[in-house]
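Protein chains in written order, with our numbering: chain A, 38 to 376; chain B, 38 to 376. In this text, a Cβ means the ideal position worked out from N, Cα and C, and glycines have one as well. This structure is a prediction, so every number in the text was calculated from the model and none was measured. Take a look at the structure below.
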C-alpha cells in the first residue's frame, strides 16, 4: 500500500531470478503459490533453522552480491550440519533498499544457484520487501535427520573429549585484513584469510556422520570460546582446553606470529562455521577414521569436566606455560580485547 | 564482531521473553539449541510460508509493539489458512535498531503470547539482529495439511464461482483514516476500520474446512482485484465480478457513501486477510452450510470464465450499470488511483 517494489516488478524479478532456483523441488510449486510443502522421509524429522545477515554488520556493503547470497545460505547450512542434518531446502526473505539495482539481484541469484548445485538444496519460497535500511537477508533452512537423533548442545558428559573441525580464526583475521589491521601480512596469507571471511565452508557432508559419535555439538559462529561455553552451559559442565591445541591455518599462524595478541581474535572472533563437538573418551579412533575418510581435519582440543562451585559452565583455556587465560563474557583479560 | 547486541544481552532477552513462548513444543528445545525439529502427523505434510513486515511500510512507526507482533504472525497464519493448513509453529527473525527499548520487546512478546493462545501455535526458533534501518520482522510459519491436498492458486475451472470471506476494504480504509484522509467519518466507523488495519483476522478455523470444496484459493493481501488476478493467471482463466457483490462492512459503506471513489481503495487496497476461493457450480449449498456452521460470512462475488485472446488472465469488474471498470496493473482507470 505504501512504497513497496511495484507488484509487477517484484513478480517479474521472482520469475526471472528466483523461480528457476525452485526447479527440481515439486513442493515449491515453481514459487507460483503462497506456500510450499515439505515432508521428511519416513523415520526422519525436519530440522529447521533461521539466520539473518544484515549489511554493515554481517557483511560489508561492497561485498559482491553472489558472496553475500552464498554466505546467507551457508551460515544456515552450517547449523544444520552441526546438528547432523542433511540439508534439503530453504526459504529466502530478501529485504532491499530501493537503491539496489537488478544487476545486484542477478548476482545474488547466481550465487544461490552455484551453492544449490554444491549442496543439493532448493529454494522453495520467500518474500521480497523494500526497506529504508541496509540490505537484510533472512534464510530459513530445512534439513532432515533420523527422529530424535539430532546432535544437541546439552548432551556432553564429563570426561568427553572436545573436537573441532578444520581451522579456527581465519574469518576473524580475514575481517582484520579487510579493515587494514594486518598491513604487514603477505598477500597470499591475506587473500586466504579474506576468502575464509567471505565464504564459510559448512561441513555439510561430515555433519550427519557425527550422529552416533558426538554427544553434543554446534557450529562455531560466535567464536570458539563462546560456543564452547554454550555447550558447557546447556550440558551443565565446564571445559578445559589449551590454546596451542587449537588448529590454525598456516595463514593464521603467520598473522599471529606477527603479533601474538592476534590469537585472541582467532579464539573469540567467530564466523568460523566449523563444527565443535564432544565425544566419549573411547571415540578417538572413530573420529580419526572419520577424519581420514571425509578428508576433514578433526582435532581434539580439550576435555569436558565437572564444574566447580566457583566456575559454573566455564571454559578454561591454558597458555603454553599451563596458566589459565582469564576469560570474561566481554572478552579476554589476558589478551587484547580488540578484534 | 561488529555492533551486534552484546551476546549476553541477546541471550538474556531470548531467555526472558521468547523461551517461554516455546513451552509445550518439545522440538523447540526451549530455544536452547541451534535448530528445532518438526514433523507432520502421518498422512500430512508440512506447509511453510514466510512473510516480512517492515516498519514504515507494513506498519507505522508508532504502532503498539503487541499489535506489530500479532500482525507479523497473523499475515503468515492467513496464508496457511487460505491453503487449508492447520497452523502449528513459527520461527521469528527480529531485526531491531539499537534505539528499541526492552519495554518494546516485552510488549512484542506479550502480543505473540496472546496470539499463540488464540491460534494454538508455538515459537520454535529464530534470530535476533541489529540494524541501522527500521524494525523488520520476518516470520516463517509451519502448518500441516493432508498430503497433496493444499488449496492451490492454479486449480480454478471455467464456470467455478468466486467466493470471499468476511468483508473487503476495511484495512485499506483504516489506513486512510490513520493518514487523516477520512476526516468526516464518524468516530465509531473510523475506530472499526483502524482496528481492522492493525489486526488481521486470519480465517484459521475455516481454511482447513475448504479442502475438498475449493478448487483454488489464497488470502487477500495485495488487494481483491490483484489477488483474483493471481488465481486467474495461474489457472489460465479470467474472472467476472460486480462491484456491488463485494461484501463491505457497515463502516466501509459509510466511508464509501462519503465519496464513491473510495470503493477503489476497498477493492484494490489490500491487507484484508480474508480468503478468496473458487468452487464448482454445485458447491453453493456446501459453502452456505460451511458459512453457517463456522459463523464466517462467505459471499459469492463472481465467476471464472475462459479468457478471450485479447484479455488473458483478466479480472473484469462491472459497475452498477453493467459497465466494465477498466483495470490496469497499476490501478483502476475508472476510479481515482489514490489509496
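Cβ shell of residue i (< 6 Å), same chain only, five flanking positions each side left out
i             : result
residue 286/B : 204 and 207
residue 339/A : 199, 276, 277 and 278
residue 74/B  : 64
residue 98/A  : 92
residue 120/A : 84, 187 and 188
residue 232/A : none
residue 229/A : 288
Closest by C-alpha distance to residue i, when choosing among the options
i             : options                       : result
residue 135/B : 106/B, 154/B, 171/B and 105/B : 171/B
residue 398/B : 149/B, 316/B, 127/B and 264/B : A question about residue 398/B goes unanswered here, because the residues of chain B that appear run from 38 up to 376.
residue 69/B  : 122/B, 154/B, 300/B and 53/B  : 53/B
residue 334/A : 291/A, 200/A and 351/A        : 200/A
residue 353/A : 313/A, 191/A, 152/A and 262/A : 262/A
residue 293/A : 197/A, 182/A, 214/A and 184/A : 214/A
residue 377/B : 283/B, 257/B and 344/B        : Residue 377/B lies beyond the stretch modelled for chain B, which goes from 38 to 376, so this question has no answer here.
residue 219/A : 270/A, 291/A, 152/A and 186/A : 291/A
residue 161/B : 51/B, 242/B, 216/B and 140/B  : 51/B
residue 182/B : 249/B, 245/B, 228/B and 227/B : 245/B
residue 131/A : 165/A, 283/A, 272/A and 358/A : 165/A
residue 297/B : 336/B, 168/B, 82/B and 357/B  : 357/B
residue 156/A : 96/A, 239/A, 193/A and 314/A  : 239/A
residue 313/A : 138/A, 167/A and 284/A        : 284/A
residue 81/B  : 76/A, 72/A, 49/A and 129/A    : 76/A
residue 212/A : 107/A, 247/A and 94/A         : 94/A
residue 320/B : 264/B, 282/B, 259/B and 194/B : 194/B
residue 255/B : 341/A, 230/A, 72/A and 342/A  : 72/A
residue 46/B  : 112/B, 96/B, 137/B and 154/B  : 137/B
residue 295/B : 217/B, 105/B and 221/B        : 221/B
residue 241/A : 260/A, 168/A, 331/A and 167/A : 331/A
Where residue i falls, given that 16 or more other Cβ within 10 Å makes a residue buried
i             : result
residue 311/A : buried
residue 63/B  : exposed
residue 61/A  : exposed
residue 78/B  : exposed
residue 266/B : buried
residue 237/A : buried
residue 299/A : buried
residue 223/A : exposed
residue 329/B : exposed
residue 268/B : buried
residue 184/A : exposed
residue 306/B : buried
residue 225/B : exposed
residue 343/B : exposed
residue 167/A : buried
Cβ neighbours of residue i in the same chain (closer than 7 Å, five flanking residues each side left out)
i             : result
residue 109/A : 90, 174 and 176
residue 180/B : 84, 117, 122, 123, 124 and 125
residue 147/A : 103
residue 316/B : 197, 198, 200, 250, 251, 252 and 324
residue 67/B  : 56 and 59
residue 303/A : 205, 206, 209, 210, 285, 289 and 293
residue 227/A : 214 and 219
residue 144/B : 101, 102 and 103
Proximity test, residue i beta-carbon vs the ligand MN heavy atom, cut-off 8 Å
i             : result
residue 297/B : Summarising the ligand content, the structure contains no ligands, and the ligand MN is consequently not present.
Neighbourhood of residue i by C-beta distance below 8 Å, restricted to the same chain and skipping five residues each side
i             : result
residue 355/B : 277, 278, 279, 280, 361 and 362
residue 158/B : 110, 114, 124, 125, 126, 127, 152 and 178
residue 48/B  : none
Identified DSSP bridge partners for residue i
i             : result
residue 86/A  : 178/A
residue 159/B : 126/B
residue 257/B : Answer is none; residue 257/B lacks a bridge partner.
residue 164/A : 130/A
residue 340/B : 198/B and 277/B
residue 92/A  : 96/A
Neighbour flag for residue i against chain C, beta carbons, 9 Å
i             : result
residue 171/A : Of the protein chains in this structure, namely A and B, none is chain C.
Task: Near-chain B residues of the region 250-265 of chain A (beta-carbon distance less than 8 Å), N- to C-terminal order - done: 255, 256, 259 and 263
TODO: Give the residues from the region 185-200 of chain A that approach chain B closer than 9 Å (Cβ to any Cβ), ordered along the chain.
DONE: 185, 187, 189, 190 and 191
Task: Near-chain B residues of the region 59-83 of chain A - C-beta to any C-beta below 9 Å - done: 64, 66, 69, 70, 71, 72, 73, 74, 75, 76, 77, 81, 82 and 83
Open item on the list: For the region 150-171 of chain B, list every residue whose C-beta sits within 9 Å of some C-beta in chain A, in sequence order.
Closed with: 161, 162, 163, 164, 165, 166, 167, 168, 169, 170 and 171
TODO: With 7 Å as the C-beta to C-beta threshold (strictly closer), list the residues of the region 100-117 of chain A near chain B in chain order.
DONE: 116 and 117
Task: chain B contacts made by the region 333-358 of chain A, where a contact means CB separation under 8 Å - done: none
TODO: Could you list the residues in the region 86-100 of chain A with a C-beta less than 9 Å from some C-beta on chain B, going in chain order?
DONE: 86, 87, 88, 89, 90, 91, 92, 93, 94 and 95
Open item on the list: So if I threshold CB-CB distances at 7 Å, which residues from the region 212-224 of chain A count as touching chain B?
Closed with: 212
Open item on the list: At a CB distance below 8 Å, what residues from the region 283-308 of chain B approach chain A? Give them in sequence order.
Closed with: 306, 307 and 308
Task: Members of the region 130-149 of chain B near chain A, C-beta cut-off 7 Å - done: 130 and 132
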